[in-house]
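Once you know that position 123 of the sequence shown is 273 in the numbering used here, the rest is easy, because the numbers rise by one and skip nothing.
Here's the structure we're looking at; comments come further down.
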Amino acid sequence: ALAFCGDTDRALIDPGLAWLPTEDGNWGRVGGCYQRALRAALDYAEWNRRLMLEEVGRILERRFPDGVRWDGLVDIHHNDATLEEHFGRRVWVHRKGAVKAARGTQTITPGSMGTGSYLGRGLGNPASFSSCSHGAGRRMSRGRARQELSLQRELERVRAAGGKVFARSREAVLDEMPAAYKDLDEVMAAQADLVEPVRRFTPLGTYKDAERARRGRRSKGWRPEEER
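Below, the structure is given as structure tokens:
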């Protein structure tokens, strides 16, 4: 993208806003390759979520042999680029940390493991290109959260909300504790012209893996709610 913009003398406000064409031509073919790679990544992520959901479903059915009622599947990703029509033009809409909120579509706005999430209904606001926030958003960076937050105090806050946390290490959860995020209700109020709240969900349990575990150095399982 940077090479294309440089070769064709495209002025960029920021190098991070470099782009590729999707029409015919050599650069268009490169843009097409990027589109296909993006779709493949999104498909991979979707099937990964579905496999996890199927496993959760099997566990619930074993735990509740009388049956589990499923009200439907809501599956949404929040990093995407799609070709859409806005203001009478066909344009690429890049949603980073945002979700599509066309009129009547379902949306999800996560808060934190201690505050819950909202299932919503998009209002199709043209000013936001029919988009809304993906989540509450961070109040502090991961590094700042690790330095300033008290793990014990945050775990007590999660327990007070009726939830439990399961993790392999402290590092896996401290930077995602409730105090690290903005107030979910304030965020929903701020985007009241973008999305309508339908139902609020309260987390009963959260499982987090650590970066070191994903790199293969697995540690013994740890349940922070049991630490005193």
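Note that the Cβ used here is the ideal one computed from N, Cα and C, for glycine as well.
Practice task
With a cut-off of 8 Å on the beta carbons, I'd call Gly-272 and Arg-253 a contact; round off their distance for me.
Solution key: 6 Å
Exercise for the section: Would you mind working out which of Arg-350, Ala-168, Ala-329 and Arg-288 sits nearest Glu-99, comparing C-alpha positions? Expected result: Summary: the structure shown does not reach residue 99, with the chain confined to residues 151 through 378, and so no result is reported for it.
Exercise for the section: State the Cα-Cα distance for the pair Gly-366 and Phe-351, rounded to the nearest angstrom. Expected result: Low confidence applies here, because Gly-366 scores a pLDDT of 47, under 50, leaving its location unreliable and the question unanswered by this model.
Practice task
With DSSP as the reference, label Asn-275 as helix, strand or coil.
Solution key: Asn-275: coil per DSSP, three-state reduction.
Exercise for the section: Alpha carbon to alpha carbon, how far is Asn-229 from Arg-179? Give it in angstroms, no decimals. Expected result: Cα to Cα, the separation comes out at about 22 Å.
Practice task
Let me know the secondary structure DSSP gives Arg-289 once reduced to three states.
Solution key: coil
Problem - For Val-323, the nearest candidate out of Ile-226, Arg-296, Val-348 and Ala-342 (CA to CA) - result: Of the listed residues, the one whose Cα sits closest to Val-323 is Arg-296.
Exercise for the section: Tell me Gly-270's beta-bridge partners as DSSP assigns them. Expected result: Checking the DSSP bridge columns, you'll see Gly-270 partnered with Thr-257 and Pro-347.
Handout entry: Straight-line gap, Arg-288 to Leu-192 (C-alpha atoms, nearest Å)
Key = 24 Å
Problem - Simplified DSSP assignment, three categories, for Arg-186 - result: helix
Problem - Cβ shell of Pro-353 (< 7 Å), same chain only, five flanking positions each side left out - result: Met-263, Gly-266 and Gly-313
Handout entry: Cβ-based burial, Cys-282 [other Cβ within 10 Å; buried from 16]
Key = buried
Practice task
Would you list the residues sitting across from Gly-355 in a DSSP beta bridge?
Solution key: Lys-314
Exercise for the section: Please check if any C-beta of chain D sits within less than 7 Å of the C-beta of Val-345. Expected result: Looking for chain D here will not work: only one protein chain is present.
Problem - Start-to-end residues for the alpha helix (DSSP H) that takes in Glu-336 - result: 334-340
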